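Take a look at the structure set out below.
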Amino acid sequence: MRFYYLLILFSISLIAQSQPQVPKDYFENPLDVPLVLSGTFGELRSNHFHSGLDIKTQQREGLAVKSAAPGHVSRIKIQHYGYGKALYIQHPNGYTTVYGHLQRFSPEIEAYVKKHQYANESYEIELFPEAGELQVESGELVAYSGNTGGSGGLHLHFEIRDGSQRPMNPKLFGIEVQDNRKPLINGLFAYPMDADSHINHSAERQRIRLIPLKDGTYTTEKLNACGKVGFGISTVDQQDMASNQNGVYKIEANLNGDNVFQLNFDRFSFAETRHLNQLIDYEYYTSNRLRVQKLFVEESNPLSLYANVQSEGRLDIQDDLDYNYTITVTDFAGNESVIRVPIQGEFSESIQPKKLEETEYFVQANQSFSTEQNGIDIYIPKGSLYQDKYLDISFNGNTVNLHRDDTPIHQNITIGFDVSKYEAAEKEKMFIAKLGYGNRPSYSSTYKKGDRFTTGIRTFGNYTLASDNNAPWISPVNFSNGQWISNNSTLKVKISDDLSGIKSYRATVNGKFILMEYEYKDNMLTHDFADGAVTETENDFKLIVTDNVGNVNTYEAKFFKK
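Just so you know, the sequence shown maps onto residues -18 to -1, 1 to 544 in mature numbering (1 follows the signal peptide of the UniProt record, and there is no 0).
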């Protein structure tokens, strides 16, 4: 038993030694509730790594959010999507903390924000207060938790960034979350890495059956392999008091006792975060919705999360030799899950070849590519793809079938449409759309210049020209024309658009701008009478909503308020 505890202490010591040196007792918990997470740092998300901790707020809004340390508010950003209402606090030691998806700010900060929103006549705003304007102390109320922006549920998004604005794992700073559960292993995969490699007599990706052992570790049946091979693992972590499947902290691989690969979720930069699509087996994810992290590094992958990588993590398996490959997955609390893979080097002359799909369109990652047909042109800049790839492209009337979303795109590909055959009135209502399930069109940001429409895309799929001739829909929620609403604290209106989507809205009372906050998840516009913008008893309300092709709807009503 004593040996067992010494082993645990030794493992934790090794983890601590590999972590960046940061202050452990400087930052406080931003909430006065037990920290239960719905998301961890570095967690794999769509096209990006999660940059902080998502802290549960007990299924309610309005929890007090405190500054984690003394400093000053250096940035305030309010947007419909993303972090919604977000607050950035700069601290004297060079770090920045970020608080996202907020319901509202503390009274002083709220007044500062509203002043600028009214001056700019805009709900969406980005502000950079001077160092002396909004000073805060450690533990001071700065906001209230909410669900604004792209939040999928009630929580506080909390980040700590270094002096270069790179997000770091908040747990490195002593932010503790109860966790006695080891990571879960969902799948193990093996990859032949070149034309001469094979695993179990096949050149294709292999899913390897895991065999659980009594000691809690896993093993596999012996693999027969030869040549350059790599492995991938699907794994998640769970903390105490939560069922969410979160990201792990570290993945390490050893071959015959030697470390050949390590992935540490300590810190990354926003400039590299989209390279997550090279870390995972993107093709497998798009068809199986399971993210497999590759335990080898693609040639064009610059991620800074890797450490101790030997030969890019690829194993050179020789005929007639035996190998022991071990994968250790660790969470921040030191809980481990281990897989041991026995490998027998065995050359086979008869293997199942890898299926290669060749088309007339071969795109090299380090060169630009263009093609045109039916008045539709495609331009793929150098560096848009991670690897050379045959693309499946076909043109059908006003639609281009541009490959499939099983290949990731790193930077925008441009699609252009010649619209010279359409009348000016038709072109006004037209846009470029991506065709989704059931060929339903969804708006793709469309740049119009003369007889050419263009859009930038980061997802392969089918794109076409579509038209939207219907104005947005407007419906009052808590008032009607001619009504007395003295007991109302807010004015609520629902807006929506069934095709091209909402582009803008503007509300006035008695001809003067009033601020309405837009929550796109429930299509709600809300004005808070506490703003003091409505001062008359008899009021003429006017709301103008415009969609992305310029269709306009106007709603007008009179209301009375004392």
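Glycine is no exception: its CB is placed at the ideal position from the N, C-alpha and C atoms. Source: prediction; values computed, not measured.
Please classify residue i as buried or exposed, where buried requires at least 16 other C-beta atoms within 10 Å of its C-beta.
i	result
residue 546	As displayed, the chain neither begins before -18 nor continues past 544, which places residue 546 out of reach and without an answer.
Leu303	exposed
residue 574	In the structure as shown, the chain starts at -18 and stops at 544, and residue 574 therefore has no counterpart that could be examined.
Ser482	buried
Glu538	exposed
Ile193	exposed
Arg440	exposed
Thr312	buried
residue 569	Given that the chain is displayed from residue -18 to residue 544, the structure contains no residue 569 and the question cannot be resolved.
Phe461	buried
Asp114	Here residue 114 is Gly; the residue named in the question, Asp, does not match the sequence. So Gly114 counts as exposed.
Phe110	exposed
Asp522	exposed
Lys210	buried
Thr341	exposed
Tyr63	exposed
Glu354	exposed
Gln346	exposed
Gly295	buried
Asp248	buried
Ser486	exposed
Asp178	exposed
Thr536	exposed
Who does residue i pair with in a DSSP beta bridge?
i	result
Met506	Lys476 and Glu501
Thr353	Ile360
Pro194	Tyr200
Ser426	Ile414
Gln61	Answer is none; Gln61 lacks a bridge partner.
Asp36	Gly21 and His139
His83	Its beta-bridge partners do not exist; DSSP assigns none.
Gly514	Paired residues: none, contrary to the question.
Pro458	Val475
Asn383	Ser376 and Asn444
Tyr487	Val527
Leu69	Ile58 and Tyr81
His30	Arg27
Thr396	Tyr361 and Gly438
Asp521	Reading off the sequence shown, one finds Asn at residue 521, where the question assumed Asp. Answer by DSSP bridge pairing, in chain order: Phe541.
Ala46	Tyr126
Gln188	Ala172
Ile91	According to DSSP, which records beta bridges pairwise, Ile91 is partnered with nothing at all.
What is the rounded straight-line gap between the Cα of residue i and the Cα of residue j?
i	j	result
Lys232	Met150	14 Å
Val279	Val516	60 Å
Leu116	Pro89	12 Å
Lys403	Gly379	13 Å
Gly418	Thr428	17 Å
Glu108	Gly66	11 Å
Gly169	Thr446	38 Å
Phe252	Arg148	7 Å
Tyr94	Ser471	21 Å
Ile181	Leu338	17 Å
Tyr307	Pro324	6 Å
His73	Tyr502	33 Å
Lys411	Ser282	41 Å
His509	Leu497	6 Å
Pro423	Val531	14 Å
Arg322	Asp370	33 Å
Lys38	Gln160	13 Å
Asp388	Phe435	26 Å
Thr519	Leu136	37 Å
Tyr343	Leu373	5 Å
Asp36	Leu138	6 Å
Val534	Glu408	16 Å
Ala489	Leu258	41 Å
Trp466	Lys540	9 Å
Asp7	Asn206	51 Å
Val491	Gly514	12 Å
Val15	Ala68	20 Å
Closer than 7 Å to a non-hydrogen atom of the ligand NAD - does that hold for the CB of residue i?
i	result
Arg322	For the ligand NAD, the structure offers nothing, since it holds no ligand at all.
query = Which residue spans inside the stretch 104 to 181 form an unbroken beta strand (DSSP E) run of at least 3?
reply = 107 to 109, 123 to 127, 137 to 143 and 166 to 174
inquiry  = Runs of 3 residues minimum, wholly inside the stretch 274 to 352: which ones carry the beta strand (DSSP E) assignment?
reply    = 297 to 299, 304 to 312, 318 to 327 and 343 to 345
Meets three-Cβ-pair contact criterion under 8 Å: the stretch 123 to 133 and the stretch 172 to 190 = no
request  = Enumerate, from N- to C-terminal direction, the unbroken alpha helix (DSSP H) stretches of 4 or more residues contained entirely within the stretch 205 to 267.
outcome  = 258 to 261
ask   = Is there contact here, the stretch 239 to 254 with the stretch 354 to 368, by at least three beta-carbon pairs under 8 Å?
value = no
ask   = Are three or more beta carbon pairs between the stretch 76 to 89 and the stretch 40 to 53 nearer than 8 Å?
value = yes
query = At a cut of 8 Å, does the stretch 213 to 220 reach the stretch 171 to 178 through at least three beta carbon pairs?
reply = yes
query = Is there contact between the stretch 10 to 22 and the stretch 222 to 232, where contact requires at least three CB pairs shorter than 8 Å?
reply = yes
ask   = Should the stretch 372 to 386 be regarded as contacting the stretch 314 to 321, the criterion being three or more beta carbon pairs within less than 8 Å?
value = no
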